[in-house]
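Inspection log for the structure reproduced underneath, given as structure tokens.
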Amino acid sequence: MRKHDLEESYEQRPRRTRRARFDDEPEPSRGGRLTEAERIRLARLREDAYTETAIPDGADRWSTWGEAEHGPQPRPDWVITELAAVDTELGILKTGKEADVHLVRRNLPGTEGTVLAAKRYRSGEHRLFHRDAGYLEGRRMRRSREMRAMETRSSFGRNLIAEQWAVAEFSALSRLWAVGAPVPYPVQRDGTELLLEFLGDGETAAPRLAQVRPEPGQLRELWFQTSAMLELLASQGLAHGDLSAYNLLVHRGQIMVIDLPQVVDIVANPGGLEFLARDVRNIATWFHSRGLPERLTAVTELIGELREIAGLR
Numbered sequence: 110m111r112k113h114d115l116e117e118s119y120e121q122r123p124r125r126t127r128r129a130r131f132d133d134e135p136e137p138s139r140g141g142r143l144t145e146a147e148r149i150r151l152a153r154l155r156e157d158a159y160t161e162t163a164i165p166d167g168a169d170r171w172s173t174w175g176e177a178e179h180g181p182q183p184r185p186d187w188v189i190t191e192l193a194a195v196d197t198e199l200g201i202l203k204t205g206k207e208a209d210v211h212l213v214r215r216n217l218p219g220t221e222g223t224v225l226a227a228k229r230y231r232s233g234e235h236r237l238f239h240r241d242a243g244y245l246e247g248r249r250m251r252r253s254r255e256m257r258a259m260e261t262r263s264s265f266g267r268n269l270i271a272e273q274w275a276v277a278e279f280s281a282l283s284r285l286w287a288v289g290a291p292v293p294y295p296v297q298r299d300g301t302e303l304l305l306e307f308l309g310d311g312e313t314a315a316p317r318l319a320q321v322r323p324e325p326g327q328l329r330e331l332w333f334q335t336s337a338m339l340e341l342l343a344s345q346g347l348a349h350g351d352l353s354a355y356n357l358l359v360h361r362g363q364i365m366v367i368d369l370p371q372v373v374d375i376v377a378n379p380g381g382l383e384f385l386a387r388d389v390r391n392i393a394t395w396f397h398s399r400g401l402p403e404r405l406t407a408v409t410e411l412i413g414e415l416r417e418i419a420g421l422r
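Counting in the working numbering, the sequence shown runs from 110 upward without gaps.
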């Protein structure tokens with residue numbers, strides 16, 4: 110085809126028009142499939158990869174403390190806030206459908222440092238939260254464009270959902286830790302990665318409640334601790350939303366609750382009371398299976414008490 114014919118063919122093509130932007134409409138803060146926070150995090154990882162200065166101690170990255178959202182104060186003494194610290198990957202603790210949990214050591218070069226649990230939500234290429242519709246009730250994002258993306262579960266929408274789960278879990282952990290709930294201290298949130306207090310000894314994680322075989326006396330004590338935890342959550346207007354013997358740890362004889370991305374606001378969520386009742390029934394069923402009498406769990410009475418504590422009749 111001659112050059113003249115190519116030019117003529119090009120001129121005949123319909124041209125795409127861009128939607129007009131109004132003066133009072135903000136510039137989009139996100140584009141493509143990645144959220145803005147994830148873009149920033151990946152950019153920092155690339156900078157670390159190409160830096161001319163080697164990361165000391167054979168670590169995998171510099172500390173991300175400087176760019177992250179921080180946990181509540183007063184911070185525990187073991188939290189390392191120096192920007193000269195480094196993070197070293199020690200291995201994976203748990204894989205899941207929505208997130209993987211890794212073991213990370215953060216230390217200043219030449220020091221032992223502290224071991225943390227790094228919970229990393231999966232990217233939009235994975236199937237996120239197959240039961241998330243009910244949990245997302247009562248949570249709203251400011252922009253209708255983002256809400257539509259989440260509702261249609263586009264790639265961008267799934268990334269937004271992952272980010273929202275990370276934000277929700279970090280916020281819930283911060284709030285509950287501040288009121289004395291038995292949860293790991295939330296050190297920081299950087300995009301869809303949470304760094305949390307590692308519950309265990311050395312590099313050995315505390316067992317899940319489902320893994321322990323308590324004696325009758327310890328079984329009763331663990332139930333009383335669990336019901337007290339439920340009361341504390343209810344006093345904050347919250348329900349765990351997915352409580353089971355697999356997201357309760359027994360750390361040095363104490364019940365610790367983990368996995369809180371789906372935490373439910375009992376008042377704002379239309380199904381909040383149903384989630385609350387389900388939490389109680391699920392965990393009570395496990396205690397019954399281990400021999401705890403139903404008269405001790407008193408499920409119906411406990412659900413009624415939790416409703417009253419939450420200010421609901």
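Built from N, CA and C at the ideal position, the CB exists for glycine as well.
Its chain contains L192 as the residues whose beta carbon lies nearer than 6 Å to that of G175, once the 5 sequence neighbours on both sides are disregarded; these appear in chain order.
Distance from the CA atom of G362 to the CA atom of A152, rounded to whole angstroms, is 42 Å. With a 10 Å radius around the Cβ and a threshold of 16 neighbouring Cβ atoms, D374 comes out buried. For M365, same chain residues with a beta-carbon under 8 Å away, outside a window of 5 residues either side, are P291, V292, P293, L308, A315, L357, L358 and V359 in chain order. DSSP places D169 outside both helix and strand once states are collapsed to three, so it counts as coil. The closest CA to that of Q371, considering only E198, A275, A407 and T173, is found on A275. In the structure shown, G289 adopts coil according to DSSP, grouped into three states.
Scanning the stretch 361-415 from its first residue to its last, the whole beta strand (DSSP E) runs of 3-plus residues come out as 363-366. Assignment of E312 by DSSP, reduced to helix, strand and coil, places it in the coil class. Taking 8 Å as the upper bound for CB-CB distance, R231 and A208 are in contact here, some 6 Å apart.
Under the three-state reduction of DSSP output, G175 falls in the helix class.
With distances taken between CA atoms, A407 lies nearest to R390 out of G289, E324, R390 and E302. 7 Å or more divides the Cβ of T220 from the Cβ of W187.
A straight line joining the alpha-carbon of R422 with that of L382 spans about 10 Å. In this structure L217 is in contact with A194, their Cβ atoms being roughly 5 Å apart against a cut-off of 8 Å.
Between L318 and L401, the C-beta gap is not smaller than 7 Å, which leaves the two residues out of contact.
According to DSSP, R215 shares a beta bridge with D196 and T223.
Note on geometry: alpha-carbon atoms of I149 and R170 lie some 15 Å from one another.
A Cβ-Cβ separation of about 7 Å places V288 in contact with Q345 under the 8 Å criterion. Taking C-beta atoms under 8 Å as the contact rule, E302 and R229 qualify, at a distance of about 5 Å.
Taking C-beta atoms under 8 Å as the contact rule, E312 and L199 qualify, at a distance of about 6 Å. When the five nearest sequence neighbours on each side are left out, the beta carbons in the same chain lying within less than 8 Å of the beta carbon of I164 are those of D157, R170, W171 and V195, in order along the chain. Here the alpha carbon of R387 sits roughly 8 Å from the alpha carbon of G350. Per DSSP, the beta bridge partners of L347 are D374. Rounded to the nearest whole angstrom, the CA to CA distance from G420 to L347 is 11 Å. Excluding residues up to 5 positions away in sequence, D209, V210, H211 and L212 lie with their Cβ nearer than 8 Å to the Cβ of I201 in the same chain.
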